[in-house]
Amino acid sequence: MSGDYQLVQLANGEKTLFSASYGEKMHPGLGPQAEAELLYIRQLKICERMQGGAGEFVIWDVGLGGAANAIALLKATRNIPGQLRLVSFDNTIEPLEFALQNAAVLGYAAGHEDPLSELIQHRRAVFQNGKLSVNWEFHLGDFPALLKESSRRRESTPSLIESSLSQLTLAATKISPPHAIFYDAFSPAKNPAMWTLPVFENLFRALDPARPCALTTYSRSTLLRTTLLLAGFFVGVGHATGMKEETTIAANSSDLIAEPLNQRWLERARRSHSAEPMMEPVYRIAPMSEEFWGKLQAHPQFAAK
Ligand SMILES: C[S@@+](CC[C@H](N)C(=O)[O-])C[C@H]1O[C@@H](n2cnc3c(N)ncnc32)[C@H](O)[C@@H]1O
34 MSGDYQLVQL ANGEKTLFSA SYGEKMHPGL GPQAEAELLY IRQLKICERM
84 QGGAGEFVIW DVGLGGAANA IALLKATRNI PGQLRLVSFD NTIEPLEFAL
134 QNAAVLGYAA GHEDPLSELI QHRRAVFQNG KLSVNWEFHL GDFPALLKES
184 SRRRESTPSL IESSLSQLTL AATKISPPHA IFYDAFSPAK NPAMWTLPVF
234 ENLFRALDPA RPCALTTYSR STLLRTTLLL AGFFVGVGHA TGMKEETTIA
284 ANSSDLIAEP LNQRWLERAR RSHSAEPMME PVYRIAPMSE EFWGKLQAHP
334 QFAAK
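Numbering (my numbering), first residue to last: 34 to 338.
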């Protein structure tokens, strides 16, 4: 929606973007710079993983918005010699254009105007960020629809060929499977389409089982955590960030989860009034059904305990 974004000041003086149509701010706690750094970069141990790994490191930036998470990533990794593929998704370019127009006031984007302009114009920016070679792609479109299409294509691919594919086909574009995911949509109440079980099932299918991948997001809700578990992820307690005493980390490998959700959490989820995953893009609160409770107990994170 054109004209949807405004600048707002947070209690700590930081400036961020506010979307009138969602009625929500981006990075409402600590502000764009600090929240991106703590919640996504540090929690996912991006620098450590990039330094320890060989070859291209792939990050999916879901909900590019005003690119605060992406720019925090560029700042944190500029002294790492290597290659980064940053794959950003959003269904609108408006917040990115708005952030670029207001780069000086927002602060975090200042000095990164060139790759942002390049991304807006060409949906791609290839550049040197200090010692790091960066290949930044922007996929404009509905993320759940892109994942669904990719899942459908994979199912229609003969299994022999499929197993030899190392790249994911997303809507006719080959996109490398990620090592890490920044999952930063608006809240489940305002943006339910991004938080359904089918979306996370398709996201899990899009991962390469041979490539350990971790995802973080700002929510710690039981609803989100049961959804991630039922989609196939291992799920753990995430670091506190500003106003949030806990966040969430999920991964396709339990090695990437320092503090996995335990039996006590499972029992609390069983009693929660809001633990049933959303199957449709309509926000609703409901306790967990018997069907999902059975599946959750059988999840490898809990079944062996
Ligand atoms: C909280 S903001 C992201 C903030 C951003 N990560 C940053 O660092 O500035 C959420 C973003 O999700 C995007 N979004 C919402 N629904 C979407 C959908 N169905 N597909 C793709 N992106 C979507 C919004 O347009 C918005 O830019």
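We treat Cβ as the ideally placed atom computed from N, Cα and C, and that holds for glycine.
Item, Value
"Cα-Cα separation between A137 and G144, rounded to whole angstroms", "9 Å"
"Neighbourhood of D123 by C-beta distance below 7 Å, restricted to the same chain and skipping five residues each side", "G96, L97, G98, L173"
"Close Cβ partners of Y141 (< 6 Å) along its chain, the five nearest in sequence each way excluded", "P65, Q66, A101, I104"
"Other residues of its chain near Q84: CB distance less than 7 Å, five sequence neighbours each side excluded", "I113"
"C-beta contact flag for T250 and D288 at 8 Å", "no"
"Alpha-carbon spacing of V268 relative to W228, whole angstroms", "15 Å"
"Straight-line gap, S150 to L133 (C-alpha atoms, nearest Å)", "8 Å"
"Contained alpha helix (DSSP H) runs [length at least 4] in the stretch 57-98, N- to C-terminal order", "65-68, 79-85"
"Cβ separation of P211 and L256, assumed to be a contact under 8 Å, to the nearest whole Å", "About 24 Å separates the two Cβ atoms, so there is no contact after all."
"Status (buried if at least 16 other CB within 10 Å, exposed otherwise) for Q76", "buried"
"Alpha carbon of E279 to alpha carbon of L71, nearest angstrom", "12 Å"
"Sufficient close CB pairs (3 or more, under 8 Å) joining the stretch 106-121 to the stretch 305-316", "no"
"Boundaries (first-last residue) of the beta strand (DSSP E) holding A283", "280-284"
"Where A158 falls: helix, strand or coil (DSSP)", "strand"
"Cβ-based burial, H60 [other Cβ within 10 Å; buried from 16]", "buried"
"Endpoints, alpha helix (DSSP H) assigned at A109", "101-110"
"Local Cβ density within 10 Å of A284, reported as buried at 16 or more and exposed below that", "buried"
"F160 beta carbon near ligand 1 (any heavy atom closer than 7 Å)", "no"
"Beta-carbon proximity check, V120 vs L180, cutoff 8 Å", "no"
"Limits of the unbroken beta strand (DSSP E) element including V268", "267-271"
"Short Cβ contact (8 Å threshold) for F335 with L263", "no"
"Selected residue, minimal CA-CA separation from A331, among G265, N135, A44", "G265"
"Alpha carbon of A69 to alpha carbon of R157, nearest angstrom", "22 Å"
"For L294, three-class secondary structure by DSSP", "coil"
"Expected contact under 8 Å - CB spacing of D321 and T259 to nearest Å", "Checking the sequence, you will find Met at residue 321 rather than Asp. The pair is a contact, with the Cβ atoms about 6 Å apart (cut-off 8 Å)."
"Residue span of the beta strand (DSSP E) that contains F51, given as start and end", "48-52"
"Per-residue DSSP class, three states only, for G115", "strand"
"Exposed unless 16 or more other CB atoms sit within 10 angstroms - verdict on E47", "buried"
"One or two residues paired with T249 in a DSSP bridge", "F215, I282"
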